[in-house]
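Trainee: Respectively, the protein sequence lines represent chains A and B. The first sequence begins at 1 in the numbering used here and counts up by one. The second sequence begins at 1001 in the numbering used here and counts up by one. My questions all concern the structure below.
There are 2 protein chains.
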Amino acid sequence: MTIRLLLVDDHAVVRSGLKMLISGQKDMEIVGEAGSAEEALSETERVRPTVILMDIGLPDKTGIEATRAIKAKFPEVNVVALTIHEDEEYFFQMLNAGASGYVPKRAAPEELITAINAAAKDEVYLYPSLAKLLVRDFFNAERTAEEKVSLDGLTEREREVLTQLAEGASNDEIAAALVISPKTVERHRENIMRKLSLHSRSELVRYAIRKGIIKA
Amino acid sequence: MTIRLLLVDDHAVVRSGLKMLISGQKDMEIVGEAGSAEEALSETERVRPTVILMDIGLPDKTGIEATRAIKAKFPEVNVVALTIHEDEEYFFQMLNAGASGYVPKRAAPEELITAINAAAKDEVYLYPSLAKLLVRDFFNAERTAEEKVSLDGLTEREREVLTQLAEGASNDEIAAALVISPKTVERHRENIMRKLSLHSRSELVRYAIRKGIIKA
DNA sequence: CACCCTTTGGGGGATTCGCCCCATTTGTAC
DNA sequence: GTACAAATGGGGCGAATCCCCCAAAGGGTG
């Protein structure tokens, strides 16, 4: 099964570099090129590629918008972002737009090949320095030491109550679980909210998830 | 800078295979081996490796627990999971435990080398078929095609209300924002909760964060 | 010993929530 | 043209929430 590629980049030089690189891969074939988001759309419709290599900086729209538009119309086409940007923002936006991979232009050629192969199999290749960001955000990790302290001076008991609150338990349920009076749970809740400057259970839930106290 | 490796696997055969593979890398050096979680801990303390290759199936504890314990004591040591398991559960648990990479044993040797290099640089390598799962879970927001289905049949207006609810807004605040009566907001909230089988704002908040409708 | 912090518990009141009942208008589908 | 979903709005009611007030027992520190 040959992988049919569409190159999207406004620099012809970049495209020819990619063509040279791809030409070494016998299971890949470049079936089209585009220098703008508009062209990318029409070329996708015309040639129906397996995978699109998408630059982010395009003259008309960003590659992010182009990706979103393409995935909306042709969800079976997978997009690999290939860009000079290693910003966290672009990375997340591109994945959110539906990209199946993200490779900086400074990456080794083999990494791009890996990413293309992954995208063709409907998998996702993430460049390691950026994958790290995704994992960090996903698990709200990085705590271990300082974020546990950054629970803004909550006591042990308060943290215990907060956990239950965040999981959606009512005052009575928490009281039963901790074997104390519902009124004491109230008391703890008030103290928690005052210390954290939060004013509703909903805000407590978000706070707890952000801090990694509970999982979403 | 040589990368100092600790191999953790209860099968000596696997360890010698890895030794052979690593011996081809002149910037890597195996400084220790362990056949159990217990040994992994003590060896980590003794040799202070840069990167640990960690199997999940160990005789005493799982590699997940071992990783958690090691990251708690030696956060600067990065762990790459190397396992036969490609289950979603193990994958997420391992990352949550603090692993800097996840490579199935069936992966190509170069992928393991890439993962080790990434881990040594404090980055994260994710095997493409599993990276896909992470991205999917992280951006469960808009799925272009099946998004409407994945939100269990919520209407456009209901999703709009849900977003506000999840952000912690009261009925009156939402009414003001959407320029409708508080009573109508109530109506929408009831329909949302019934459709999703949720029964409190707290549960709505978690649901919305899980689905990527709002960020935590 | 006096002081502070934590944890425990109660009273009361204004407000909000969660869940029923009801209805009208405006589309879209058959 | 009728039927059905979606969006709009209202009334009411019991429960829960949120925010004040109050207090006492126990631990630790200066």
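C-beta: ideal position from N, C-alpha, C; glycine also. A quick note: this is a predicted structure, and the numbers were derived from the prediction, not measured.
Can you find a C-beta in chain A that's less than 8 Å from the C-beta of Leu-1162(B)?
Mentor: No, Leu-1162(B) lies away from the interface with chain A (no Cβ there is under 8 Å from its Cβ).
Trainee: Have a look at Arg-201(A) and His-1199(B) and give me their C-alpha separation to the nearest angstrom.
Mentor: If I take the Cα positions, the gap works out to 13 Å.
Trainee: For the structure I just gave you, are there three or more beta carbon pairs, one from the region 100 to 120 of chain A and one from the region 157 to 171 of chain A, closer than 8 Å?
Mentor: Judged by Cβ distances under 8 Å, the region 100 to 120 of chain A makes no contact with the region 157 to 171 of chain A, as fewer than three pairs qualify.
Trainee: Measure from the C-beta of Leu-1005(B) to each C-beta in chain A and report whether the shortest distance is under 8 Å.
Mentor: No - not a single Cβ of chain A is within 8 Å of the one on Leu-1005(B).
Trainee: Can you list, in chain order, the residues of its chain whose CB lies under 6 Å from that of Glu-123(A), leaving out five sequence neighbours each side?
Mentor: Counting only Cβ-Cβ distances below 6 Å, and skipping sequence neighbours, we find nothing.
Trainee: Closer than 8 Å is the cut-off here; do at least three beta carbon pairs connect the region 27 to 45 of chain A with the region 63 to 70 of chain A?
Mentor: Flag = yes, the region 27 to 45 of chain A and the region 63 to 70 of chain A touch.
Trainee: Between the alpha carbons of Ala-141(A) and Val-79(A), how many angstroms are there, rounded?
Mentor: Low confidence applies to Ala-141(A): its pLDDT is 42, below 50, so where it sits in the model is not reliable enough to give any reading.
Trainee: Mind listing the chain A neighbours of Pro-1128(B)? Cutoff is C-beta to C-beta under 7 Å, in chain order.
Mentor: Per Cβ cutoff of 7 Å: Ala-118, Glu-123, Val-124 and Tyr-125.
Trainee: Quick check on Pro-104(A): does DSSP put it in helix, strand or coil?
Mentor: DSSP places Pro-104(A) in strand when its eight states are reduced to three.
Trainee: Among all the DSSP beta bridges, which residues are the ones paired with Glu-1029(B)?
Mentor: Paired residue(s): Arg-1004(B).
Trainee: When you check each C-beta in the region 1189 to 1213 of chain B against every C-beta of chain A, which residues fall closer than 8 Å?
Mentor: Hits within the stretch, in order: Ser-1200, Arg-1201, Ser-1202, Glu-1203, Leu-1204, Val-1205, Arg-1206, Ile-1209 and Arg-1210.
Trainee: Checking the sheet assignment: what are the DSSP bridge partners for Tyr-125(A)?
Mentor: Note: Tyr-125(A) sits in a beta bridge opposite Gly-101(A).
Trainee: Between Lys-1019(B) and chain A, is any beta-carbon pair separated by less than 8 Å?
Mentor: It does not; no Cβ of chain A falls within 8 Å.
Trainee: Report the CB separation of Ala-1034(B) from Ile-1064(B) in whole angstroms; it is logged as a contact under 8 Å.
Mentor: Not quite, the Cβ-Cβ distance comes to about 15 Å (not below 8 Å), so this is no contact.
Trainee: For a contact meaning CB atoms closer than 8 Å, what does Gly-1057(B) contact in chain A?
Mentor: Under the 8 Å cutoff, chain A gives no residues; its nearest Cβ is about 22 Å from Gly-1057(B).
Trainee: Give every residue of the same chain whose Cβ lies closer than 8 Å to the Cβ of Glu-1190(B), excluding the five residues on either side of it in the sequence, and list them in chain order.
Mentor: Contacts found: none.
Trainee: With a Cβ-Cβ cutoff of 8 Å, do Glu-1088(B) and Leu-1126(B) count as a contact?
Mentor: No, these two residues do not count as a Cβ contact at 8 Å.
Trainee: What's the gap between the Cα of Ala-1119(B) and the Cα of Glu-1086(B)?
Mentor: Rounded to the nearest angstrom, the two C-alpha atoms are 19 Å apart.
Trainee: Which first and last residues belong to the alpha helix (DSSP H) in which Ile-1022(B) is found?
Mentor: First-last of the alpha helix (DSSP H) with Ile-1022(B): 1012 to 1023.
Trainee: Does the region 1165 to 1175 of chain B come into contact with the region 167 to 180 of chain A, if we say contact requires no fewer than three beta-carbon pairs (one atom in each stretch) closer than 8 Å?
Mentor: No, the region 1165 to 1175 of chain B does not touch the region 167 to 180 of chain A.
Trainee: What does the alpha-carbon distance come out to for the pair Leu-1018(B) and Ile-214(A)?
Mentor: Cα to Cα, the separation comes out at about 37 Å.
Trainee: Taking the C-alpha atoms as reference points, what is the distance between Glu-1167(B) and Leu-204(A)?
Mentor: So the two alpha carbons sit approximately 11 Å from each other.
Trainee: Going along chain A in order, which residues have a C-beta closer than 8 Å to the C-beta of Gly-1168(B)?
Mentor: The answer, in chain order, is Ser-200, Ser-202, Glu-203 and Arg-206.
Trainee: How is Leu-95(A) classed by DSSP in three states: helix, strand or coil?
Mentor: Reduced to three states, the DSSP call for Leu-95(A) is helix.
Trainee: At what residues does the beta strand (DSSP E) containing Ile-52(A) begin and finish?
Mentor: Start and end: 51 to 54.
Trainee: Quick check on Ala-72(A): does DSSP put it in helix, strand or coil?
Mentor: Helix at Ala-72(A).
Trainee: In the DSSP assignment, find the beta strand (DSSP E) that holds Ala-166(A) and state where it starts and stops.
Mentor: Element bounds for Ala-166(A): not the beta strand (DSSP E) but the alpha helix (DSSP H), 156 to 166.
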